[in-house]
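Numbering (mature numbering (1 follows the signal peptide of the UniProt record, and there is no 0)), first residue to last: -21 to -1, 1 to 127.
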């Protein structure tokens, strides 16, 4: 009964020692050094092995192996490629903005009730006439912008 417990405990103690992560560094078009866990497309990078869970300033930084060179050709000056996670987050944010714009447009177009907004002082003001038409037009523009 004690042997499996000791083996499990020993395994748990040894696992963090084997964990490490690979870090990439490169310079972007403006000369700024970028560090990431994923390499950029079509750029030469420096690779560094970093122990997971190590403290940031406990060890001196490893010297650079070779200077990063800017990309040549059509990619030079172009924005860096976005990772899959960044694209997913942007799409989710765009979808949320689209949903909000649609709901606002539906509220402005479908209700016969007088809607209320707030002025600069925070006081409630009825949204009628030209102000309501302006808000409806703005909502339509938002739907066009975010729901492409």
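A virtual CB, placed ideally from N, CA and C, is assigned to each residue, including glycine.
Source: prediction; values computed, not measured.
When the Cα atoms are used, what is the spatial distance from residue i to residue j?
| i | j | result |
| --- | --- | --- |
| residue -12 | residue 2 | 29 Å |
| residue 86 | residue 127 | 21 Å |
| residue 105 | residue 99 | 14 Å |
| residue 107 | residue 97 | 13 Å |
| residue 91 | residue 102 | 22 Å |
| residue 82 | residue 10 | 43 Å |
| residue 78 | residue -19 | 58 Å |
| residue 123 | residue -14 | 58 Å |
If you count every other CB in all the chains shown that lies within 10 Å of the CB of residue i, and 16 or more means buried, which is it?
| i | result |
| --- | --- |
| residue 120 | exposed |
| residue 95 | exposed |
| residue 80 | buried |
| residue 84 | buried |
Report all residues from its chain with a CB closer than 7 Å to the CB of residue i; omit the five preceding and five following residues, and keep chain order.
| i | result |
| --- | --- |
| residue 88 | 115 |
| residue 12 | 4, 6 |
| residue 117 | none |
Skipping 5 residues on each side, what residues in its chain have a beta carbon closer than 8 Å to that of residue i?
| i | result |
| --- | --- |
| residue 69 | 61 |
| residue 93 | 105, 106, 107 |
Who are the near neighbours of residue i in its chain, counting only those whose CB is closer than 6 Å to its CB and skipping five residues on each side?
| i | result |
| --- | --- |
| residue 74 | none |
| residue 76 | 125 |
Practice task
Decide yes or no for the touch test of the region 62 to 71 against the region 101 to 112: beta carbon pairs closer than 8 Å, at least 3 of them.
Solution key: no
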